[in-house]
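Top line first, the protein sequences correspond to chains Z and G.
Quick note on UniProt numbering: the first sequence kicks off at 1 and runs consecutively.
Quick note on UniProt numbering: the second sequence kicks off at 1 and runs consecutively.
There are 2 protein chains.
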Amino acid sequence: MNVIKFGGSSLASGSQLKKVIQLVKEDAARKIVVVSAPGKRSAEDEKVTDLLIGFGMKALVGHDFSAVLEKIIDRYQNIAEELGLGTEIIDEIRSNLDSLVKGNKNEPNYYLDAFKASGEDNNAKLVAAYFNQEGVPARYMDPKEAGLMVTNEPGNAQVLPESYEQLAKLRDSEEVIIFPGFFGYTKDGKVCTFSRGGSDITGAILANGIQADLYENFTDVDAIFAANPHVVENPIGIKELTYREIRELSYGGFSVLHDEALQPAFKSGIPVQIKNTNNPSAPGTRIMKERQLTEQGVIGIASSSGFSSIYIDKYLMNREIGFGRKVLEILEARGISYEHMPSGIDNLTIILQTNQMTTEEEHSLLIQLKEELCADSVTVEHNIALIMIVGEGMREKMYTMSKAATALSENHINIDMINQGASEVSVIFGIQAKYEDLAVKALYEAFFVK
Amino acid sequence: MNVIKFGGSSLASGSQLKKVIQLVKEDAARKIVVVSAPGKRSAEDEKVTDLLIGFGMKALVGHDFSAVLEKIIDRYQNIAEELGLGTEIIDEIRSNLDSLVKGNKNEPNYYLDAFKASGEDNNAKLVAAYFNQEGVPARYMDPKEAGLMVTNEPGNAQVLPESYEQLAKLRDSEEVIIFPGFFGYTKDGKVCTFSRGGSDITGAILANGIQADLYENFTDVDAIFAANPHVVENPIGIKELTYREIRELSYGGFSVLHDEALQPAFKSGIPVQIKNTNNPSAPGTRIMKERQLTEQGVIGIASSSGFSSIYIDKYLMNREIGFGRKVLEILEARGISYEHMPSGIDNLTIILQTNQMTTEEEHSLLIQLKEELCADSVTVEHNIALIMIVGEGMREKMYTMSKAATALSENHINIDMINQGASEVSVIFGIQAKYEDLAVKALYEAFFVK
């Protein structure tokens, strides 16, 4: 039995929904369908979720919301008309949206979360109606009825472990279950949404709950690519990835889907299949616990910018037990997290996200570091990009570093920092941000083309 | 005006002393001569300092020391006879050694320090006598008279800053000054020795005190070599080195002379010239504040083994502000220092010197780390060697890393860790210790032969 999740663009129009039903019909294992809210039909279009946030904000502060409300209903109506659905479902959606306005405004976060969640919830009802009309017995499943219980953290809800036992019962359904993504219910019966990748999280929770054989995640790309397609022309798709690899790639800046959203599935060792609704014959990407290692150690190249490095110099630093600890204590007291901390004999560098501090805060941090550590000098450099090469077993391949360093050197890119040593799955290079794209291209060329 | 220091092997015999006087005669700038105790004449020989330690230990505990005492006197006597010196100097030395036995045994560290220091002290007297006999006006200088004052730390004395003003007066001497290395006097008049490289320290202190133009350090090698000559056959000598480079090389395992011994000279920006007493025409190595950078970025390759790595794995580690700090706190509480701490997303590695812990202590540390940090796993690996490539401006050379990684990969050496990012003068590779020599050879080949 599979959980199959569709993203917003796969549900943005009636024609998209026809692809969805086709996919569900094709494979009897596809019994639990998780749906997002209708996404964009074109680059200029608006997502229903974004419209709902606007609607909720206006309702909360008492402004006139009728225009945005009609826009939302229009979106559902367009889909319903395209699919030849009756007016009943639209009446039901309108009545639901009307009822949201009457929520408890004294808890604005919960108030807004109910608006946001309705995008998925109403879409699930619409999809269920469509499936039944097309002769696919289907049932809309209310997360409350299913027992998907979450913590009281609007916008960042965490699943409660007791949910899994309840969700396991979904296995027994005769009908296809249409489950709205993105939210659950708190113990006191309030709607509460997940963080980013919200519908992906719902799918992963259900996959774990029913102990699915496979969690199929349908989106609008053919695969997770070995490099950012905005940087590298036609990068190859990755056929197989391990949990650890997707995690490193996500950290490195890959945004197809966030590894943490998939954790509930990973925890049970359930494989995740990424597929394209618009091109389902493409092999896609399978993410699993272990994979057959190929000759090629590296499977992907990620990058992100927006980092700074703080360089601290002090004679005899490495004799001073506690120096590194003091540095980290100063950062911690300011709530600043660091990415890497390479240390030499008399010096230490901290790589951190630049946006954690204003210019004033940074200035005051530098002064504090110099004074409290009696450092000889403390300097900062901005505009650093981290480039990551990722792959299980890469470390066993002796030529990896040689290949990577040669590719960068041939492109006249200086390496300011290398972090190899902690993760067995990745190596991180720090370079000047202006070379970020060039570095990704050069490394892609070296590992995937040559 | 130069300070010129001679090591033990340069003073081990009369024939060596003939070379020494020749060198002093050659250059009128060589006005301050720092001497060590007589060293080994051959590989099987004993150093006078080692004999003195044996003598002192026996005297301290009341054992019969006559045999070792005669051995010591014999060494001086042989030199004196070879040089045609009269018996007076030997009588003076015997009387000095006899007087040491009567020292205060209630302070055994100071008691022994006086024995150790006498090796240099008596040798300085002998050298002064020889210089005068040969028509070079020379004067033995008692460190107490010169004002070389040190802290009360037997075996690890530190110079007191007020010494420098006193030592500056040595500039005014008409005669060549023969100054015993290795020790000074405490404020309460006790002999106290320096740590390792003791005579090197004395020379550096005097160079600073008289604001020497040059500190010449005569030893028994032609130069500081670009790699360990026991590993690489006939490595090239390094002609010029900066203070930072010698510091990195010393850390990396180079033992010709320890950079910290030279600090008093470095502080004043005084250049240090390494020369071979037995081959003074060889250009030697000059160590200075700055040097002309050459095309070749790398100037030396160092290595040392005896390291372990502790690998800590915990899901979502990099979200946990304070994780690195907690790790370092645990180490600090145990008095353990670390060399490097590369960190990934979910993992962190600590590289440290293996000999800091017994097997039991290590075991208990691993358990503590796992429990207190709620880590998913904590594992340790032993037998790690650190290989260091060193050179000012090396980081500006993009091909450095590429060349190094290629050399290692071609020799099938896997890189477990790379530390590049803190120091601008070095890159450190962690590899399995069994490949240490092979790695040094491969890197030497890549940077100095090809």
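C-beta atoms are modelled at their ideal positions from N, C-alpha and C, and glycine is treated no differently.
Counterpart residues of residue i in DSSP-defined beta bridges
i, result
"Z/K275", "Z/F218"
"G/C192", "G/G184"
"Z/K5", "Z/V34 and Z/N217"
"G/A385", "G/I431"
"G/E240", "G/R286"
"Z/S309", "Z/I351 and Z/E381"
"Z/G300", "Z/V390"
"Z/V127", "Looking at the DSSP assignment, Z/V127 forms no beta bridge with any residue, so it has no partner."
"Z/Q420", "G/I418"
"Z/M149", "Z/Y185"
Buried/exposed call for residue i, threshold 16 Cβ in 10 Å
i, result
"G/A265", "buried"
"Z/D172", "exposed"
"G/R75", "buried"
"Z/S402", "buried"
"G/V61", "exposed"
"Z/K169", "exposed"
"G/E38", "Before going further, note that residue 38 of chain G is Pro rather than Glu in the sequence given. By the 10 Å Cβ count, G/P38 comes out buried."
"Z/V34", "buried"
"Z/R325", "buried"
"G/Q292", "exposed"
"G/V159", "buried"
"Z/G86", "exposed"
"Z/N279", "exposed"
"Z/P180", "buried"
"G/S426", "buried"
"Z/L316", "exposed"
"Z/N419", "buried"
Residue-chain proximity (residue i, chain A), Cβ-Cβ < 8 angstroms
i, result
"Z/R325", "Protein chains Z and G are contained in the structure displayed, whereas chain A is not."
Contact test: residue i Cβ vs the ligand FAD heavy atom, cutoff 7 angstroms
i, result
"Z/G237", "This structure does not include the ligand FAD; it has no bound ligands of any sort."
Neighbourhood of residue i by C-beta distance below 6 angstroms, restricted to the same chain and skipping five residues each side
i, result
"Z/L148", "S163 and G184"
"G/I350", "I310, Y338 and M341"
"Z/Q16", "S10"
"residue 470 of chain G", "Residue coverage of chain G in this structure runs from 1 to 450, which leaves residue 470 of chain G outside it and unanswerable."
"G/F218", "F6, S10, K275 and T277"
"G/G54", "V68"
"G/L262", "A204 and V272"
Residues near residue i by beta carbon distance below 8 angstroms, same chain, minus five either side
i, result
"Z/A405", "I415"
"residue 470 of chain G", "Outside the displayed span of chain G (1 to 450) sits residue 470 of chain G, for which this structure offers no information."
"G/E174", "P137"
"G/D64", "K58"
"Z/N132", "A138"
"Z/E372", "K326 and I330"
"Z/E134", "I21"
Cβ-based neighbour list, residue i, same chain, cut-off 7 angstroms, excluding 5 preceding and 5 following
i, result
"G/R247", "D259"
"Z/A407", "A442, L443, E445 and A446"
"Z/L52", "I72, F115, K116, S118 and G119"
"Z/P154", "N109, Y110, D113, C192 and T193"
"G/N156", "S195"
"G/Q166", "A146 and G147"
- Message: Check whether the stretch 194-212 of chain G and the stretch 1-12 of chain G touch, using three or more Cβ-Cβ pairs below 8 angstroms as the test.
- Response: yes
- Query: Should the stretch 188-197 of chain G be regarded as contacting the stretch 113-124 of chain G, the criterion being three or more beta carbon pairs within less than 8 angstroms?
  - Reply: yes
- State whether the stretch 359-369 of chain Z contacts the stretch 217-233 of chain Z, with contact taken as three or more CB pairs (one from each stretch) at a distance under 8 angstroms. no
- Query: Can you list, in chain order, the residues of the stretch 393-417 of chain Z whose Cβ is nearer than 9 angstroms to any Cβ on chain G?
  - Reply: R395, E396, K397, M398, Y399, T400, M401, S402, K403, A404, A405, T406, A407, L408, S409, E410, N411, H412, I413, N414, I415, D416 and M417
- Query: Can you list, in chain order, the residues of the stretch 129-153 of chain Z whose Cβ is nearer than 7 angstroms to any Cβ on chain G?
  - Reply: none
- Item | Contact between the stretch 287-306 of chain G and the stretch 17-34 of chain G (3+ Cβ pairs under 8 angstroms) | no
- Task: Select from the stretch 331-346 of chain G all residues with a C-beta closer than 9 angstroms to any C-beta belonging to chain Z, and list them in chain order.
- Result: L331, E332, G335, I336, S337, Y338, E339, H340, M341, P342, S343, G344, I345 and D346
- Can at least three beta-carbon pairs, one atom from the stretch 211-224 of chain G and one from the stretch 240-260 of chain G, be found at a separation below 8 angstroms? yes
- Select from the stretch 228-261 of chain Z all residues with a C-beta closer than 7 angstroms to any C-beta belonging to chain G, and list them in chain order. R247, E248 and Y251
- What residues in the stretch 198-226 of chain G bring their beta carbon closer than 8 angstroms to a beta carbon of chain Z? none
- Task: Examine the Cβ distances between the stretch 378-390 of chain Z and the stretch 270-282 of chain Z and report whether three or more of them are shorter than 8 angstroms.
- Result: no
- Item | Inter-stretch contact at 8 angstroms, needing at least 3 Cβ pairs: the stretch 381-394 of chain Z / the stretch 417-436 of chain Z | yes
- Would you call the stretch 144-161 of chain Z and the stretch 78-87 of chain Z touching, i.e. three or more CB-CB distances under 8 angstroms? no
- Using a Cβ-Cβ cut-off of less than 9 angstroms, list which residues of the stretch 348-377 of chain Z approach chain G; keep chain order. L348, T349 and I351
- Item | Residues, ordered as in the chain, of the stretch 88-104 of chain Z that lie near chain G by beta-carbon distance below 7 angstroms | none
- Item | Contacting positions in the stretch 6-38 of chain G - beta carbon closer than 7 angstroms to chain Z | none
- Item | Under 8 angstroms (Cβ pairs) to chain G, residues found in the stretch 277-292 of chain Z | none
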